[in-house]
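First residue of the sequence shown? That's 789 in our numbering, and the numbers climb one at a time after it.
No residue lacks a Cβ here, since even glycine has one placed at the ideal position from N, Cα and C.
All values derive from a computational prediction rather than experimental measurement.
Below is one structure, written out as structure tokens; the observations come after it.
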Amino acid sequence: MIKGHSKVSDFRLPSRIGYQFKQPELLQLALTHRSVSHKYNYERLEFLGDSLLGMIIANYLYHAYPFENEGRLTRMRATLVRQEALGKIANDLKLSQCLILSTGELKSGGHHRESILADTVEAIIGAIYIDCGELKILQDIVLKWYGPYLNNIEPTDQLKDPKSRLQEYLQARKKPLPVYEVVDIQGDAPNQHFKVECSVDSLPKFIGEGSSRRFAEQAAAAEILKLLEQ
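Next comes the structure, spelled out in structure tokens:
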């Protein structure tokens, strides 16, 4: 536990998640953003949760849609595991009020940033698996979260990365292309963490984060795309 930082403040969160942790510190870790600590944060759990989520959704689709081909199943899975979908799950679980962020990240609106919320969902998946060690238990919990979204899945064709999609969107409308600027680099190679600011014409600037400049640019582009598509 990080000295000076509080425990999970919402005691109802385990009930919303649908799982009572035997090791509550795992849930706290899953909610802790890198801005709080370079060592004690959710990134390793997110790495594990990302793989587990992909497998759980793939397994569900394989059995639920026995006559769909591989290409369509891939697009269906992409629809369910992309950032926007995870953001909806995070909102359903009311995670924004439970995130453990630095003061600076809070002031910049990090508790409502979709990329952070999506990462946290994946980290919680990893934390549950570490805590219970039972894939079946984890699968039942995750599919319950996804319950409202599993009927009438509309596969997305947006399999390109957000940076490419944003450029195509702007080019099609003859708008100036986005400008990306690295505003912060933390840590030493190969364990660095990047913050990149994306500017598009007269739109608000957005900051993306990632373990590489490319990933941070994609995260920033995803936020701009979300605004434009609304």
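Opening and closing residue of the alpha helix (DSSP H) in which residue i lies
| i | result |
| --- | --- |
| residue 995 | Careful: residue 995 lies outside any alpha helix (DSSP H), inside the beta strand (DSSP E) at 994 to 998. |
| residue 831 | 831 to 852 |
Within 9 Å, strictly: CB atoms of residue i and residue j
| i | j | result |
| --- | --- | --- |
| residue 838 | residue 902 | no |
| residue 997 | residue 988 | no |
| residue 883 | residue 819 | yes |
| residue 892 | residue 823 | yes |
| residue 914 | residue 833 | yes |
| residue 880 | residue 802 | no |
heavy atom of the ligand FAD below 8 Å from residue i C-beta
| i | result |
| --- | --- |
| residue 922 | What this structure holds is no ligand at all, so the ligand FAD is not there to describe. |
Residue i, DSSP secondary structure in three states
| i | result |
| --- | --- |
| residue 1019 | Since the first residue of the chain shown is 789 and the last is 1018, residue 1019 is not available in this structure. |
| residue 983 | strand |
| residue 813 | helix |
| residue 972 | strand |
| residue 916 | helix |
| residue 824 | coil |
| residue 888 | strand |
| residue 988 | coil |
Sequence-distant residues of the same chain with beta carbon closer than 7 Å to residue i, five excluded per side
| i | result |
| --- | --- |
| residue 927 | 844 |
| residue 869 | 841, 842, 845 |
Status (buried if at least 16 other CB within 10 Å, exposed otherwise) for residue i
| i | result |
| --- | --- |
| residue 919 | buried |
| residue 816 | buried |
| residue 852 | exposed |
| residue 960 | exposed |
Contacting residues, own chain, Cβ-Cβ under 6 Å from residue i (five flanking each side not counted)
| i | result |
| --- | --- |
| residue 974 | 981 |
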